[in-house]
Amino acid sequence: MTDHLPTTILRDEELRPGWRQTVGRGAVVVLFNALALWLLAAVMDGFVLDDVPSALIAGAVIGVLNATVWPALAFLVVPLSVLTLGIGAIVINAFVVGVALDLVPGVHVNDFWTAVVITVGVTIVTTLVSRVMAIDDDAWFDEHMAQRARRRRK
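In our numbering, the protein residues as written are 645 to 798.
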């Protein structure tokens, strides 16, 4: 008998979230991103959203960037993040978010430091929403199953 346990236990295909659940979760993330952006624009001088559709588009852009571009950049950013104790990742993310928001009509970001605050604010909201709604529950499920397997081994 071997004591080998896989590092990741993948969920069976029928237990994984379907496309409807994935789209629904994506819509929730976009709405909460838009709400976070709207609240930040209300309290910050250097950040303006002209209307609700601009906030929704900006929320969608940030959601898509976080889901697609950020994992690709993580390969390059992780070493920098380790050296700068996480500040490097925030700076790079702020740059990406600032450039992306400048391209969205009806969204105005005055300077880089405003983009940093926006990035931190949206990150906090996204993290809270993800935890409450188990948006990244595949990772939770994998970790939970690995913990159960480790407990059984003892």
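Glycine included, every Cβ here is placed at the ideal spot set by N, Cα and C.
Specify the secondary structure class of residue i as computed by DSSP and reduced to three states.
i: Leu693; result: strand
i: Val667; result: helix
i: Val748; result: coil
i: Arg796; result: helix
i: Gln791; result: helix
i: Met645; result: Its pLDDT being 48, under 50, Met645 is placed unreliably by the model, and the measurement read from it follows with that caveat. If DSSP states are grouped into helix, strand and coil, Met645 belongs with coil.
Between residue i and residue j, how many whole angstroms is the CB-CB distance? I'm expecting something under 8 Å.
i: Phe756; j: Ala738; result: 7 Å
i: Ala744; j: Val705; result: 5 Å
i: Gly690; j: Thr758; result: 4 Å
i: Gly703; j: Leu724; result: Gly703 to Leu724, Cβ: 27 Å. No contact.
i: Val748; j: Ala680; result: With a Cβ gap of about 15 Å, Val748 and Ala680 do not count as contacting.
i: Leu709; j: Val740; result: 6 Å
i: Gly742; j: Ser698; result: The Cβ separation is near 15 Å, so there is no contact.
i: Val801; j: Val672; result: Outside the shown range of the chain, which is 645 to 798, sits residue 801, and nothing can be said about it.
i: Ile736; j: Leu717; result: 7 Å
Comparing the CB of residue i with every heavy atom of the ligand ADP, is any distance shorter than 7 Å?
i: Ala678; result: Among the components of this structure there are no ligands whatsoever, and the ligand ADP is therefore not found.
How is the alpha helix (DSSP H) around residue i delimited, first residue to last?
i: Val769; result: 756-777
i: Leu720; result: 714-727
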